[in-house]
Structures are given as structure tokens and as C-alpha cells.
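*Asks:* Encoded as C-alpha cells, here's the structure I'll be asking about.
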Amino acid sequence: MASAISPQIVAARTRAAQCILTRPELLALFQSFGGLASDLERIRDAGLEVEAQELAKSTAAGGGVAATADVMLHFAEVQKEYVAVMGVVRLVRQDHEDAGKTDIVAALQQIIKNEARVTVRTVQSEEGKTERVASRSTSTEALRAEILKDARALVGLPAVHEALAARKVPVERLKKLEADADALSEKLSDRATKKGATKTATAAKSDAVQRQAKWWGAAYRILAMVGEADAQVAELLREAARSRARKA
């Protein structure tokens, strides 16, 4: 049953597929073993759909209010486009590194870095001391804000526009990503009560989990061979295994 597969397993599988898709040398290795980019895209896209439906379900169950399904799926589409664009950004960064353009490399590296919003809270310890505790935010709004920030930074970096356009990411595509991420802010906060929203989201999530599991199982041997050549992929494969062990 799909319910036996934990969200941690789904997330680890999604990150593994995403990792290979966004690193050209790993994608080439995956393809050399007989895999196709579309195999990885199926795993990644199903995982993004699971995340979108989980957000819709948890909102409905936790607050009695459901985000509309189309908005949550739109958010998943924005994430998918962001991943695709950032994969090209990594290639352009490598181009400029090889050309010795350190200023541009530094600017792109700053964008590539994962800088999810950090929330700082003031707490009081048992001894009565005041301490500041930082935690990384994984909220939908924080992810949307990060996508908007990166898209806006790329639009504002004309030095790389020609190189990005040569790789099918023209400035118009960047501006659309920026606009879509910006528009999501209001949509994500506009929640309406919908009867049966939790049931609908649960069914859609279950279907996406099963689709991902099917393609993950079919591609696993090739994924494992890629993992033997790359430590990051190997760790993601181990994370999926650890998540399954914890669930059991």
C-alpha cells in the first residue's frame, strides 16, 4: 500500500532524481547505463505532486481550511520550473568558472546556495537566561520566497542573460518564473473551506506515491550504479533506506 511509504522516503527519492537531473555529469552517467532523463523526471514530478497534495491535505486537516488544489499544483509547477532553471544556472556558472570570470561565478554561486529563510526566536532557558535560537523554515511561503528571490536575482544579472538564453533560458522565462512566484504569495494565503478537500488530496497523493514507487523500483539498479560513483547520490539512497527502516 502507498500509505506504507513515508513522506521521508518520497522526499529522498525526489531529491535523488533531482540531484542527477541537475548535474550534467551524473545525468550522462545515468544515461550511459541505459536510463533516460524521462525516468528521473517521472520520479521527481511524482514527488513534487505528493508534496503539493500533502500541503493541501495538512492545511485542510490542521486548520479546517483547504488551499485549493489548483493553487497547490501550481506551486508544484513553479517548483519544477525553478529546478529546471537552476540546473541550467549551474552549467552557466561552470562556463564562467572555466573562463576565469570570478565575479560572475561568485554572483551565481550566491544564487545557487540554498538560503531558505531562517527564523530566529528568543527563548528562556531553565536557568532563566535569554537565548536566541535559529531554525530553518520549510514553510510553503519560505520556499516561494526563495524561488522569487533567486528568479529576481537572475533577472537582475544581465551579465549571464546571453549564456542562459543560449541554453534555452531566455530572460523572458526568468521573468515568468519571477512573476509566477510573486503571484503565488496571495494565492497561497487565500484559503477557502472546501468539503471533501482532505479526501481528494489524500487520494491524489496516494496515486502519486504509487507512481513514484513504480518508477523508483524500475530504475533502482541504475540509480545504485550512479550512487557508487557519487557520494551525494549514495547518501540520498541511504536516506531513503533509513527512512524505510524508521517507518518499519
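Start counting the sequence shown at 1; every next residue gets the next number (my numbering).
Quick reminder that beta carbons are idealized off the backbone N, C-alpha and C, glycines included.
#1: Does the beta-carbon of Lys-205 have 16 or more other beta-carbons within 10 angstroms, so that it is buried, or is it exposed?
#2: From the DSSP output, in three-state form, read off Thr-193 for me.
#3: Quick one: give me the first and last residue of the alpha helix (DSSP H) that Asp-150 is part of.
#4: Please report how far the alpha carbon of Gln-323 lies from the alpha carbon of Asp-95, in whole angstroms.
#5: List the whole-angstrom C-beta distance separating Arg-152 from Glu-178, where the pair is believed to meet the contact cut-off of C-beta under 8 Å.
#6: So, using beta-carbon positions, are Val-92 and Leu-164 closer together than 8 Å?
#7: Using beta-carbon positions only, say whether Val-78 and Val-50 come within less than 8 Å of one another.
#8: Please find out if some non-hydrogen atom of the ligand PLP comes closer than 7 Å to the beta-carbon of Val-85.
#9: Determine whether the Cβ of Val-71 lies closer than 8 Å to any Cβ atom of chain D.
#10: Which class does Ala-4 belong to by DSSP, given the choice of helix, strand or coil?
#11: Residues in its own chain within less than 8 Å of Ile-147 by CB, not counting five upstream and five downstream?
#12: Judging by CA-CA distance, which residue of Lys-214, Pro-170, Gln-232 and Val-85 is the nearest neighbour of Leu-40?
#13: Go through the region 207-239 residue by residue and report every complete run of the alpha helix (DSSP H) that reaches 4 residues or more, in order.
#14: For Val-169, which residues from the same chain have a beta carbon less than 7 Å from its beta carbon, with the 5 sequence-adjacent residues on both sides left out?
#15: Is the distance from the Cβ of Leu-48 to the Cβ of Thr-140 below 8 Å?
#16: Give the C-beta separation of Gly-227 and Ala-219 to the nearest angstrom, bearing in mind that I take them to be a contact with Cβ-Cβ under 8 Å.
*Replies:* Taking the geometry as given:
#1: Locating residue 205 in the sequence shown gives position 205, counting from the first residue. Lys-205 counts as buried, since at least 16 other C-beta atoms from the protein chains shown sit within 10 angstroms of its C-beta.
#2: Locating residue 193 in the sequence shown gives position 193, where the first residue counts as 1. Any answer about Thr-193 is weak, because its pLDDT of 42 lies below 50 and its placement is not dependable; what the coordinates show is given next. Correct three-state label for Thr-193: coil.
#3: Looking up residue 150 in the sequence shown gives position 150. Element bounds for Asp-150: 140-155.
#4: Coverage of the chain is limited to positions 1 through 248, which leaves residue 323 absent and any answer about it impossible.
#5: The residue given as residue 152 occupies position 152 in the sequence shown. The residue given as residue 178 occupies position 178 in the sequence shown. Distance from Arg-152 to Glu-178 at the Cβ level is roughly 5 Å; contact confirmed, criterion being Cβ atoms closer than 8 Å.
#6: As a position in the sequence shown, residue 92 is number 92, starting the count at 1. As a position in the sequence shown, residue 164 is number 164, starting the count at 1. A contact, by the Cβ cut-off of 8 Å.
#7: On the sequence shown, position 78 is the one that residue 78 refers to. On the sequence shown, position 50 is the one that residue 50 refers to. Val-50 sits away from Val-78, with the two beta carbons spaced by 8 Å or more.
#8: Of ligands this structure carries none, so the ligand PLP is not represented either.
#9: Absent from the structure is chain D; it holds one protein chain and no more.
#10: Reading the sequence shown from its first residue, position 4 is the one you call residue 4. Ala-4: helix per DSSP, three-state reduction.
#11: Taking the first residue of the sequence shown as position 1, residue 147 is located at position 147. Only Val-78, Gln-79, Tyr-82, Leu-177 and Ala-181 meet the Cβ criterion.
#12: On the sequence shown, position 40 is the one that residue 40 refers to. Taking each of Lys-214, Pro-170, Gln-232 and Val-85 in turn and checking the Cα distance to Leu-40, the smallest one comes out for Lys-214.
#13: As far as the region 207-239 is concerned, it has no whole alpha helix (DSSP H) run of at least 4 residues.
#14: Numbered from 1 along the sequence shown, position 169 holds the residue referred to as residue 169. Excluding the 5 residues flanking it on each side, Val-169 has same chain C-beta neighbours closer than 7 Å at Val-85 and Val-88, in chain order.
#15: As a position in the sequence shown, residue 48 is number 48, starting the count at 1. As a position in the sequence shown, residue 140 is number 140, starting the count at 1. Their beta carbons are not under 8 Å apart, which means Leu-48 does not touch Thr-140 by this criterion.
#16: Here residue 227 refers to the residue found at position 227 of the sequence shown. Here residue 219 refers to the residue found at position 219 of the sequence shown. Gly-227 to Ala-219, Cβ: 12 Å. No contact.
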